[in-house]
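Q: In numbering that gives the first Met the number 0, the protein residues as written are 0 to 163.
Heads up, the beta-carbon is just placed ideally off N, CA and C, and yes, glycines get one too.
Since this is a predicted model, take the numbers as computed values, not measurements.
This is the structure I have questions about; it appears just below.
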Amino acid sequence: MLESDPGVVVTYFTTGLLYPQIVGEFKRLPPSKYEALQSRLHVLDIAGKEVDLMKPVDAFASSFKSLFSTGTAPITCRSSGKTVGGLPPPSLAIIDPFADYAYEAIWEISSWTIPIIAWWTSNAGAVIRIIGPSRLGGLAEPALETPEGRAEIKQKRLSKQDSS
């Protein structure tokens, strides 16, 4: 995205546990490419290393709010110490599909205006097990297997959206 459109800015929220690996992956780019992208790529450790990845990242909502609301407090990366501000508000969120707290914060703060893409890299077997239908060995809610059940769940989600 950064290479194909010079107007794109990427802000990547993570924790101190993953920060070195993420930055390391970006640094695998040829040095000239990495340097050209650095002014528009912001990898920010918002939680430090003392986090339990099985629990919500407490700093996510306040960090997202700072990013979403122009003119609010800058965000400081807890790993690098670098502080960034004046970033454009997000127009898209790409998040871990298991980070329910992130969905809730994004929807609440943006009043449902930010589209969310849940990105999950996995083999087909794991995807089917976690979100697939029970007839294939999946753990998904059985109501999702019928048109009526899907409509009911969709209505619940839409009514939650309308009440936000």
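Note the first and the last residue of the continuous alpha helix (DSSP H) segment covering residue 92.
A: Here residue 92 belongs to no alpha helix (DSSP H); instead the beta strand (DSSP E) covers 92-94.
Q: Of all the options 128, 114, 29 and 86, which has the alpha carbon lying nearest to the alpha carbon of residue 6?
A: Taking only the C-alpha atoms, the option nearest residue 6 is 86.
Q: Is residue 137 near residue 130, with beta carbons less than 9 Å apart?
A: yes
Q: Put residue 99 into one of helix, strand or coil per three-state DSSP.
A: Three-state DSSP puts residue 99 in a helix.
Q: For residue 48 versus residue 16, is the C-beta distance shorter than 9 Å?
A: yes
Q: Provide the residue span of the alpha helix (DSSP H) that contains residue 22, from first to last.
A: 18-25
Q: Measure the CB-CB distance between residue 133 and residue 108 and report whether it falls below 9 Å.
A: No, the pair does not count as a contact, with Cβ atoms beyond the cut-off.
Q: Starting from residue 115 and walking both ways along the beta strand (DSSP E), at which residues does that stretch end?
A: 115-117
Q: When you compare each of 157, 80 and 76 to residue 110 by their alpha carbons, which one comes out closest?
A: 157
Q: Closest to residue 38 by C-alpha separation, out of 59, 152, 24 and 2, would be which residue?
A: 2
Q: Can you list, in chain order, the residues of its chain with a C-beta nearer than 6 Å to that of residue 144? Leave out the 5 residues immediately preceding and following it.
A: 132
Q: Is it buried or exposed, residue 52, if we count other Cβ atoms within 10 angstroms and call 16 or more buried?
A: exposed
Q: I need the DSSP call for residue 28, collapsed to helix, strand or coil.
A: coil
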